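> Below: one structure in C-alpha cells.
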Amino acid sequence: METMNPELIKIRTKLAIKRLAPREFLTIWINRENLQDVWDYYAWKRRQTPPIVLRQPIFLIGCPRSGTSLSARLFSTHPDVANWTEAQRVWDPVNFFDLEAEHCWEADRVDSVDARRLHALFEYYRQKHNKPRFMNKNPRNTVRIDYIQAVFPDAYFVHVIRDGRAVVNSILKKAEREPFRKNFPFWNFCKPPNWRQFVREDPVEQAALQWREILSYVLARRQQLAGRYIEYRYEDLCRRPREILKEVFQFVGLRADDPILQAVPEVIESRNDKFRHDLTP
Numbered sequence: 140m141e142t143m144n145p146e147l148i149k150i151r152t153k154l155a156i157k158r159l160a161p162r163e164f165l166t167i168w169i170n171r172e173n174l175q176d177v178w179d180y181y182a183w184k185r186r187q188t189p190p191i192v193l194r195q196p197i198f199l200i201g202c203p204r205s206g207t208s209l210s211a212r213l214f215s216t217h218p219d220v221a222n223w224t225e226a227q228r229v230w231d232p233v234n235f236f237d238l239e240a241e242h243c244w245e246a247d248r249v250d251s252v253d254a255r256r257l258h259a260l261f262e263y264y265r266q267k268h269n270k271p272r273f274m275n276k277n278p279r280n281t282v283r284i285d286y287i288q289a290v291f292p293d294a295y296f297v298h299v300i301r302d303g304r305a306v307v308n309s310i311l312k313k314a315e316r317e318p319f320r321k322n323f324p325f326w327n328f329c330k331p332p333n334w335r336q337f338v339r340e341d342p343v344e345q346a347a348l349q350w351r352e353i354l355s356y357v358l359a360r361r362q363q364l365a366g367r368y369i370e371y372r373y374e375d376l377c378r379r380p381r382e383i384l385k386e387v388f389q390f391v392g393l394r395a396d397d398p399i400l401q402a403v404p405e406v407i408e409s410r411n412d413k414f415r416h417d418l419t420p
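Numbering (my numbering), first residue to last: 140 to 420.
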C-alpha cells in the first residue's frame, strides 16, 4: 500500500468524501492519520466488480459479559479466520453513543445502501487479511439477528450463554470500573428489545432483566436459524475449550484438525464464582 504524503491530505479527504457514501465515510474515518485506510479502501473498492458480496460470515453473539470476548480471542487462533471484533463504526457509524438508540434492529430496517456498505467493508477486511472466512463479535448483534439475516442470508451465528448471575455481577462490576457507563441506559451495553419497559431503579434487577430478555430473543429464533446456529455454555468452554471449539469450527465449515486445536488452551479459568461473593442471595 502506498505511503500517505501529508501534502495530499486535504485533496484526498475531499475526494474520499465525494466518492464514498456519507455513512461509509463515517465508518472508516477517525482522524487525519486514518486517511490512509480510507484511501486504501476506496482504491480497493474501485477495483471490484459489483456487487461486492461477503460469503458465509460468522457472527459471535451473546449477552454482554457472557464470554464473547474470550470466545473471539479463541476463535482468532484459527488460521482461516479474519476477526474484526466489535466494529461499532461499521454497524452504527452515527448513533453508537445515542442514549435513546434502539439496539434491536428488525429486517425491515435494512436498506440497499447499508447492505452494500456492510458487505463491502467486511469483504475488504477479509481480503486485506487474506483469510477465507470473516468473523465479527459484537454483543449488540445479539438482538439484530433478523437484520443480519436480511443482509447476510448465509451467515452463521455462534451463541455464547453464561450463568445469568455471573453476567449480572460482571455487568455491574464493569460499570463501577468505567463510571461513564452510568450515564447510559443499560450502562451502554446491549439493550434488550423494548428496553424502556425494563429500566429499573435497582441495578441488579435491571441487569437480570437485561440478561433474560436478550437471551429470550435469541432462543425464540433458534428454529428459524436451523443449520446456521450453534450455542454453547461459557462454563463448558472454560472446562473443555478444545472440544467445544472443535465442534463449533466443524459446524461453521472450518478446519478442526489437531494442529489448529493445539493453539487452544486445554483449560481456561472460569470467573463464574465471583458473583457468590459480590451478590447477596
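Cβ coordinates follow ideal geometry from the N, Cα and C atoms, glycine included. All values reported here derive from a predicted model rather than from experimental measurement.
1. According to DSSP, is Val403 helix, strand or coil?
2. Does the region 177-187 come close enough to the region 254-273 that 3 or more CB-CB pairs lie under 8 Å?
3. Under the three-state reduction of DSSP, which class applies to His298: helix, strand or coil?
4. Between which residues of its own chain and Ile191 is the CB-CB distance below 6 Å, once the five residues before and five after are set aside?
5. Going by beta-carbon coordinates alone, are Ile300 and Tyr356 separated by less than 8 Å?
6. At what residues does the alpha helix (DSSP H) containing Ile287 begin and finish?
7. Among the residues of its own chain, which have a CB less than 7 Å from the CB of Met204, if the five just before and after it don't count?
8. Per DSSP, what kind of secondary structure is Lys270 in: helix, strand or coil?
9. When the distance is taken between beta carbons, is Phe273 closer than 8 Å to Pro218?
10. With a floor of 4 residues, list each alpha helix (DSSP H) that falls wholly inside the region 186-270, ordered by position along the chain.
11. Could you check which residue in Phe337, Cys243, Arg410, Arg228 has the C-alpha nearest to that of Trp275?
12. Kindly list the residues whose CB is nearer than 7 Å to the CB of Pro404, restricted to its own chain and excluding five residues on each side of it in sequence; keep chain order.
13. For Arg125, name the three-state secondary structure that DSSP assigns.
14. Just grab the DSSP bridge partners of Ile369 for me.
15. Looking only at its own chain, which residues have a Cβ that is under 8 Å from the Cβ of Arg248, when we skip the five neighbours before and after it?
16. What separation, rounded to the nearest whole angstrom, lies between the Cα atoms of Leu393 and Glu340?
17. When burial is assigned at 16 or more other CB atoms within 10 Å of the CB, is Asp231 buried or exposed?
18. Tell me which residues share the same chain as Arg265 and place their Cβ nearer than 6 Å to its Cβ, disregarding the 5 neighbours each side in the sequence.
19. What's the call for Ile169, buried or exposed, on a 16-neighbour Cβ count within 10 Å?
20. Check for me: the alpha helix (DSSP H) holding Leu364 runs from which residue to which?
21. Whole angstroms are fine: how far does the CA of Lys267 sit from the CA of Phe325?
22. Pull up the CB-CB distance for Thr281 and Gly201, whole angstroms please, since I reckon it's below 8 Å.
So, to answer that:
1. Correct three-state label for Val403: coil.
2. Contact between the region 254-273 and the region 177-187 is present, with at least three C-beta pairs closer than 8 Å.
3. It is a strand residue.
4. Contacts found: His258, Ala259, Glu262.
5. No, they are not a contact pair.
6. Ile287: member of the alpha helix (DSSP H) spanning 284-290, first to last residue.
7. Note that residue 204 corresponds to Arg in the displayed sequence, not to Met. For Arg204, where only same-chain residues beyond five positions count, the Cβ hits under 7 Å are Val306, Ser309, Ile310, Lys313.
8. Looking at Lys270 - three-state DSSP - the assignment turns out to be coil, as it is neither helix nor strand.
9. Result no, Cβ atoms of Pro218 and Phe273 do not sit closer than 8 Å.
10. Those alpha helix (DSSP H) runs which fall completely within the region 186-270 and span 4+ residues are 207-214, 227-230, 251-267.
11. Reading the sequence as shown, one finds Asn at residue 275 and not Trp. Measuring from the Cα of Asn275, the nearest candidate turns out to be Arg228.
12. Residues of the same chain with a CB within less than 7 Å of the CB of Pro404, apart from the 5 flanking positions on each side, are Pro380 in chain order.
13. The requested residue 125 does not occur in the structure, where the chain is confined to residues 140 to 420.
14. In DSSP, Ile369 forms a bridge with Val297.
15. Only Tyr286 meet the Cβ criterion.
16. Straight through space, the alpha carbons of Glu340 and Leu393 are spaced by roughly 45 Å.
17. Residue environment analysis places Asp231 among the buried positions, since at least 16 neighbouring C-beta atoms fall within 10 angstroms of its C-beta.
18. Spatial neighbours of Arg265 in its own chain (CB-CB distance under 6 Å, excluding positions within 5 residues in sequence) are listed in chain order as Ala221, Phe273.
19. Residue placement at Ile169 is flagged as unreliable, the pLDDT there being 48, under the threshold of 50; the coordinate-derived value follows with that caveat. When all chains shown are included, Ile169 counts as exposed.
20. Boundaries cannot be given for Leu364, as no alpha helix (DSSP H) includes it and DSSP labels it neither H nor E.
21. Taking C-alpha positions only, Phe325 is separated from Lys267 by approximately 35 Å.
22. Rounded, the Cβ-Cβ distance is 6 Å, consistent with contact.
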